[in-house]
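What follows is a set of notes on a single structure, which appears directly below.
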Amino acid sequence: MKQSDDNRLIPMTSVDSGKLREVTADVAYYTNQIVNLVFIGQPGDSWVLVDAGMPKSGTEIIEAAEARFGTANPPAAILLTHGHFDHIGSIIALAEHWKVPVYAHPLEFPYLTGAQAYPEPDATVEGGLLAKIAAYYPNEPIDIREVLQPLPADGTVPGLPDWQWIHVPGHAPGQVAFFRKSDQLLLAADAFVTVQQDSLYKVLVQKTEVCGPPVYFTTDWKAAHESVLKLAGLQPETVISGHGTAMTGTALREGLQELLDHWNEVAVPDYGKWVPKN
Ligand SMILES: [Zn+2]
Ligand SMILES: [Zn+2]
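Below is the structure:
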C-alpha cells in the first residue's frame, strides 16, 4: 500500500481533539484534531470503524480504539465515507495494523487506488482562513487496492446489519452517509457538517451549528444540495458529521431546515472555482 506523495501532518486542531464521546451505548465518535471517526459496537464487543482520521494519527487512533474495545479486538471492517485526506489520513497504518477489509463507494476508488487525484482544493473560494490555506491540504491519491472493497450495491453495510449506506455526492463523487433506522441515527460524513469548517476560530472552539459541506473541496453544489435534501428526508434524530459536535432533536431539525431554506446564501460560497455563476 502506498500513502499519497503529499501526505503530511496538518497543524490544525480543536478543543475537542482526543475526546471520545458516546452518542448511544454502541456508537461513539472520536475527534482527531478536526475530524471525527465513529466507533460502532458495544465496548469490548465486535465493532466497525468509520473513517481513518488525519495523517500521522495511526497510533493515536489505535490507542483510542483499544481503550474501548480491547487490545486483541480489531474492527470487523473499516468503512470510508469518502477519500479526502482528513478522512483517510491514517488508513494505511490502520489497515496494516489490523489487517481488515476497507469499504468505500466505487466512485471513490480512483482516489483510493492511485488512479486519480482529487481536484486541487480551492483556496480562492469565499471563506475563512482554513479555506485560504486549502492549497496546502493533500489531494493526491493513496493506493490501498490490496484491502479495498466496494460497499454492497444493495445498500447494506458489512458488519452492521441494522445500518444502510446512502450515496451523497457533491462534496466528493462517491461520498456516502450511514443511517440506522431504528433510532434514526445518521453519520452524515461531509454532506453537511456541524461546525463551519472554513473558519479557524469556529473549528478551534467547535462552535456547533448546521452548515453546508466544507467549501474548499466541494465541486458540485447542485448534487451537494440534493444530498442534503435526501438526508433531511430521513428525519434523523441524531447526527454525527465528519466535522463538529454531534447534534440531536430540535436543534438538528431546525438547523437542517434553515440550511435547506437558505442553501444558496449560507451553504454555497459567493465565489470560487466550482461555484455556479448565475
Ligand atoms: Zn471531505
Ligand atoms: Zn472532511
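Under my numbering, residues 259 to 536 are what the sequence shown spells out, in order. The C-beta atom is built at its ideal place from N, Cα and C for all residues, glycine as well.
1. Quick one: is the Cβ of P534 within less than 8 angstroms of any heavy atom of ligand 1?
2. Any heavy atom of ligand 1 closer than 8 angstroms to the CB of F437?
3. Taking the alpha carbon of A435 as the point to measure from, which residue in G386, S485, I391, R403 has its own alpha carbon closest?
4. Taking only runs that begin and end inside the segment 425 to 502, name each unbroken alpha helix (DSSP H) of 4 or more residues, in chain order.
5. Does the distance from the CB of P416 to the CB of A446 come in under 9 angstroms?
6. Express the C-alpha separation of K535 and E318 in angstroms, rounding to a whole number.
7. Quick one: grab the DSSP three-state call for W337.
8. Around the C-beta of E366, are 16 or more other C-beta atoms found within 10 angstroms, so that it is buried, or is it exposed?
9. As a quick exercise: from Y474, K357, S440, K277, pick the residue whose alpha carbon is nearest that of M259.
10. In the structure shown, what three-state DSSP assignment does R266 receive?
11. Would the beta-carbon of G432 be found less than 8 angstroms away from any heavy atom of ligand 2?
12. Give the straight-line distance between the Cα atoms of Y394 and V405, rounded to the nearest whole angstrom.
13. Work out the CA separation of P396 and F450 for me, nearest whole Å.
14. Spatial neighbours of L267 within its chain, please: CB distance less than 7 angstroms, with the 5 preceding and 5 following residues excluded, ordered by chain position.
15. Mapping DSSP to helix, strand and coil, what is L278?
16. Could you name each continuous beta strand (DSSP E) segment of 3 residues or more that falls completely within the segment 303 to 365, going from the start of the chain to the end?
17. By DSSP's criteria, V285 is part of a beta bridge. Which residues make up the other side?
18. What's the call for H340, buried or exposed, on a 16-neighbour Cβ count within 10 Å?
19. Give the C-beta separation of R326 and L278 to the nearest angstrom, bearing in mind that I take them to be a contact with Cβ-Cβ under 8 angstroms.
20. For ligand 2, which residues count as neighbours when the test is a C-beta closer than 5 angstroms to any heavy atom?
21. Per DSSP, Q422 forms a beta bridge with which residues?
22. Relative to the C-alpha of D528, which candidate in V360, M270, V383, E280 has its C-alpha closest?
From the atom records:
1. Not under cutoff, so the answer is no.
2. No; taking the cut-off as 8 angstroms, the Cβ of F437 has no heavy atom of ligand 1 nearer than that.
3. Cα-wise, what sits closest to A435 is S485.
4. Assignment of alpha helix (DSSP H) within the segment 425 to 502, counting only whole runs of 4 or more residues, yields 458 to 463, 479 to 491 in chain order.
5. In this structure, A446 does not lie closer than 9 angstroms to P416 by Cβ.
6. One C-alpha to the other measures close to 43 angstroms.
7. For clarity, residue 337 is Leu in the given sequence; the question names Trp instead. The answer is strand: DSSP assigns L337 an E or B state.
8. E366 counts as buried, since no fewer than 16 other beta carbons sit within 10 angstroms of its beta carbon.
9. The candidate whose alpha carbon is nearest that of M259 is K357.
10. R266: coil per DSSP, three-state reduction.
11. At a threshold of 8 angstroms, G432 does not count as near ligand 2, since its beta carbon sits no closer than that to any of the ligand's heavy atoms.
12. Taking C-alpha positions only, Y394 is separated from V405 by approximately 28 angstroms.
13. Their Cα atoms are separated by approximately 21 angstroms.
14. Closer than 7 angstroms at the Cβ level, and outside the excluded window around L267, lie P313, K314.
15. In the structure shown, L278 adopts extended strand secondary structure according to DSSP, grouped into three states.
16. Secondary structure within the segment 303 to 365: the beta strand (DSSP E) runs of 3 or more consecutive residues, fully enclosed, are 306 to 308, 360 to 362 (chain order).
17. Under DSSP, the beta-bridge partners assigned to V285 are T282, I298.
18. Classification for H340: buried.
19. About 7 angstroms separates the Cβ atoms of R326 and L278, confirming a contact at the 8 angstroms cut-off.
20. What you get when you keep residues with a C-beta closer than 5 angstroms to any heavy atom of ligand 2 is D344, D448, G500.
21. The bridge partners DSSP lists for Q422 are T414, F437.
22. When V360, M270, V383, E280 are compared, the shortest CA-CA separation from D528 is found for V383.
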